[in-house]
Amino acid sequence: MAGNKDIRADAKAKFMMSLKTRLGRIACCLFGMMLLLMVSPLAQAESPWEQPAAQLAAQVAEILGAGQAQLTVNNRSTIAAQELHAIRWLLEQDLRARGVATSSAESANVIRVTLSENVRERLWVAEVVEGNQTQVAMVHVDREPMAAPVAEAGMVLEKKRVWDSLTATAISGAPVLASLETKAALVVLEQDDIVVFTMTGAGWREDKRFPVERQRASSRDARGMLVPVADGFGFTAYTAGTECSGSYAPSAGNGDWSVRCHESDDPWPVIGEPIANVHAFYNASRDFFTGVITPSPGVDLIPFYSMAALPRAAAGGYALLVSGIDGKVQMVVGNALKIVSGTRDWGSDFAAIYSGCGAGTQILVSGSGEVESDHLRAYELPAQEAIAMSAPLEMGGTVMALSTAPDGASVWAVVRKNARDYEVDRVTALCP
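In the working numbering, the protein residues as written are -4 to 427.
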């Protein structure tokens, strides 16, 4: 009897051992499947980097042929650091499928991939080094829109057309650089002229046209600025290498306008009172500001397209928002320069609006890239992240210039409808 018990106990022990082994193998397989799903960036959704990685790998493989190479990836774009692992993984898989094995060890062949970008697109460049010979492959990558967080209760942007070149009495078809409504007239700065319009029963009628006398040629993408003077009637116009002063003398009739221009390299007043008084030097041969401003912010700025001021009680009264020519939006707070997130779909033009809605100040921003139908959208920046406060407002053309109106509660937008048709709109914000 004792022997039978020992036999049964031994059989039971062997059965339990076998069961544990099988369960362990099943658990291992399940764990492996879960791990594969977790680590594979393509397991559940198609990655936006699939196509550019495949294209770049194909070019590299054509240069290098089958073999082995050391792969490095250098990120000089706004692509988040956590995305780099997925991009490298895709490149390695696509290269391996084409006969190129990558290794971290020293190799006679090296593939150096650099991820860079500008305002409109990304550019991935691969330097393929074989001994003393270096060849280059590159792929253009569309900058995917990455929306900023959106506030639950959004405001509404409202557009009112102020002037249209097709309905004006005189049509020049010249590019419009800036516009300003004074107490006496609507002033439009064209590439080569300053045009003064007066209001009639049929709308704005051209009254006077003054040539902008330049000593140097303007850039292909000319830029200009119109600033009202203290009396609310006159203006100062800034354009490449030239400054013009416009004054108005009231009379019994329509009054008398006079405009005088002179060559000037003085900085432009990019931000005026009451928030701040900041001037920036403009590069007359290009279409951007040099990065040198007065008063000095205490940090070095790269060349930029746009600048706006945000009230900040703890930062000397205001912070500066800067749209750099590298496509990045940065904020100067005190003596520190900080990157602003949530701006990947921002264009190069923006302007501040002091609406009283929400936090009181919003930034109206054009869309990224030059498109046939651009839009404006309002954002707030409570810290270093842009939060969308409105839905996009379609502008029916390409936004060429934005400027804060003298009242601070609206923004002037110059919109190019087509090659010869320009429109000037006033955009305001309606509180939710």
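We treat Cβ as the ideally placed atom computed from N, Cα and C, and that holds for glycine.
Simplified DSSP state of residue i, which is helix, strand or coil
i	result
residue 208	coil
residue 379	coil
residue 44	coil
residue 156	strand
residue 36	Only weak support is given to the placement of residue 36: the predicted model assigns it a pLDDT of 40, under 50, and the value that follows is read from those uncertain coordinates. DSSP places residue 36 in coil when its eight states are reduced to three.
residue 295	coil
residue 89	helix
residue 30	Only weak support exists for where residue 30 lies, its pLDDT of 43 falling under 50; the value from the coordinates is given anyway. Reduced to three states, the DSSP call for residue 30 is helix.
residue 51	helix
residue 177	coil
residue 104	strand
residue 218	coil
residue 172	strand
residue 259	coil
residue 122	strand
residue 281	coil
residue 270	coil
residue 415	coil
residue 142	With a pLDDT of 46 at residue 142, under the threshold of 50, the modelled position of this residue cannot be trusted; read the value that follows with caution. Residue state, collapsed to three classes: coil.
residue 401	coil
residue 161	coil
residue 187	coil
residue 224	coil
residue 392	coil
Candidates the options, of which the one nearest residue i by Cα
i	options	result
residue 137	90, 119 and 128	119
residue 356	76, 224 and 150	150
residue 382	340, 344 and 416	340
residue 295	255, 325, 307 and 280	325
residue 173	426, 394 and 403	394
residue 133	284, 50, 233 and 378	50
residue 258	317, 117 and 208	208
residue 421	153, 161 and 129	153
residue 320	332, 301 and 338	301
residue 175	352, 220, 94 and 253	220
residue 231	117, 182 and 303	182
residue 424	402, 125 and 351	351
residue 337	347, 363, 66 and 348	363
residue 263	289, 281 and 250	289
residue 276	267, 261, 268 and 266	261
residue 380	43, 97, 62 and 335	335
residue 428	158, 267 and 218	Residue 428 cannot be examined here, being either before or after the span of the chain that is shown, -4 to 427.
Inter-residue spacing [alpha-carbon to alpha-carbon] between residue i and residue j
i	j	result
residue 70	residue 292	28 Å
residue 272	residue 284	16 Å
residue 409	residue 418	6 Å
residue 416	residue 328	40 Å
residue 190	residue 244	17 Å
residue 200	residue 194	6 Å
residue 233	residue 45	47 Å
residue 427	residue 388	16 Å
residue 225	residue 135	49 Å
residue 405	residue 179	19 Å
residue 156	residue 331	39 Å
residue 192	residue 203	7 Å
residue 160	residue 412	10 Å
residue 312	residue 354	15 Å
residue 129	residue 390	47 Å
residue 305	residue 117	29 Å
residue 256	residue 241	9 Å
residue 56	residue 98	15 Å
residue 79	residue 186	44 Å
residue 323	residue 68	21 Å
residue 126	residue 333	41 Å
Within 7 Å, strictly: CB atoms of residue i and residue j
i	j	result
residue 385	residue 400	no
residue 236	residue 279	yes
residue 361	residue 342	yes
residue 297	residue 286	yes
residue 85	residue 121	no
residue 74	residue 110	yes
residue 102	residue 54	no
residue 239	residue 254	yes
residue 358	residue 303	yes
residue 188	residue 170	no
residue 282	residue 216	yes
residue 63	residue 92	no
residue 124	residue 108	no
residue 314	residue 398	no
residue 52	residue 89	yes
Which runs of the alpha helix (DSSP H), 4 residues or longer, sit entirely within the segment 233 to 257?
none
Please give me, in chain order, every unbroken run of the beta strand (DSSP E) with length at least 3 that falls completely inside the segment 298 to 372.
299 to 307, 312 to 319, 324 to 328, 331 to 334, 341 to 348 and 357 to 362
May I have a chain-ordered list of the beta strand (DSSP E) segments no shorter than 3 residues that lie completely inside the segment 55 to 87?
62 to 70
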